[in-house]
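Asks: Residue numbers (this note's numbering): 164 to 385. Shown below is the structure under consideration.
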């Protein structure tokens, strides 16, 4: 199975965002643009990205480590409205972005859950997935810190269960113990493999670069 590589872009300059996208169109299936880091991301900019990438574009309004967003709520609403009816995937967290989720209409939604402290137990994760289901997302996403090997195993088990149900899902474990999910998750059906160009450009702990992943997959295929 060929992974769907996704390039995370945390860049303040709009021109640099567009240049990064255009320079990597052949190497990546998806591009994740963190809009809260972009200086003045107006509707014209968002529509330009949408026209360029269509369903290959993922946008998020979060900040790293779930820090409070800097973008004012009216601006977020304006951009969400601009994305309505487009094939762009909009990532909204079910625990920290409920207001935006409730306001979101006619979006291709990634209902996500991020936890930078731990991986909840399986029953809690299943309850979170049930909450996601109420928003009828196009994609389900779990991204949690793995404190032990067992956390990574449980995440992969959930991925396989969702895959068996025909559900599009992104499962990724953060931290040292979560690295295995970033290798095998994409091979076992995870919708995206978040893979920065350079390690310092990672959007979450434990992400491997595209070059690192390609090297691993090449060895595994021998």
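Backbone N, C-alpha and C define an ideal beta-carbon position, used for all residues, glycine too. The structure presented is a predicted model; accordingly, all values stated were derived computationally and were not measured.
Indicate the three-state DSSP secondary structure (helix, strand or coil) for residue 295 in the structure shown.
Replies: Residue state, collapsed to three classes: helix.
Asks: Please report the distance separating the alpha-carbon of residue 257 from that of residue 238.
Replies: Cα-Cα distance, rounded: 20 Å.
Asks: Since residue 386 sits in a beta bridge, which residues does DSSP pair it with?
Replies: Within the shown structure, residues of the chain are numbered from 164 to 385, placing residue 386 beyond reach of any answer.
Asks: Please report how far the alpha carbon of residue 229 lies from the alpha carbon of residue 165, in whole angstroms.
Replies: Distance between the alpha carbons of residue 229 and residue 165 is about 30 Å.
Asks: Would you verify that the beta carbon of residue 270 is, or is not, closer than 9 Å to some beta carbon of chain D?
Replies: The structure shown contains no chain D; it is built from a single protein chain.
Asks: Need the endpoints of the beta strand (DSSP E) that residue 171 sits in, please.
Replies: Run containing residue 171: 168–172, per the beta strand (DSSP E) assignment.
Asks: Would you give the residue range spanned by the beta strand (DSSP E) that residue 213 belongs to?
Replies: Taken as a continuous stretch (DSSP letters only), residue 213 belongs to no beta strand (DSSP E), being part of the alpha helix (DSSP H) at 206–216.
Asks: According to the neighbour-count rule (16 or more other Cβ atoms, all chains shown, within 10 Å of its Cβ), is residue 304 buried or exposed?
Replies: With 16 or more other Cβ atoms within 10 Å, it is buried.
Asks: According to DSSP, what are the bridge partners of residue 357?
Replies: Looking at the DSSP assignment, residue 357 forms a beta bridge with 169.
Asks: Report the three-state DSSP secondary structure of residue 200 (helix, strand or coil).
Replies: The answer is helix: DSSP assigns residue 200 an H, G or I state.
Asks: Let me make sure I understand the geometry here. Which of 350, 349, 302 has the alpha-carbon closest to that of residue 254?
Replies: Answer by Cα proximity: 302.
Asks: Quick check: the Cα distance between residue 284 and residue 207, rounded to an integer number of angstroms?
Replies: Taking the straight line joining both Cα atoms gives about 42 Å.
Asks: Could you pull out every residue in the same chain whose Cβ sits closer than 6 Å to the Cβ of residue 307, ignoring the five residues on either side in sequence?
Replies: Cβ within range, chain order: 278, 282.
Asks: If you follow the beta strand (DSSP E) that residue 304 is part of, which residue opens it and which one closes it?
Replies: Counting along the chain, the beta strand (DSSP E) containing residue 304 begins and ends at 302–308.
Asks: Mind checking whether residue 201 and residue 169 have CB atoms under 9 Å apart?
Replies: No, Cβ-Cβ distance for residue 201 and residue 169 is not below 9 Å.
Asks: Can you grab the Cα-Cα spacing for the pair residue 315 / residue 343, in whole Å?
Replies: Spanning the two alpha carbons is a distance of roughly 7 Å.
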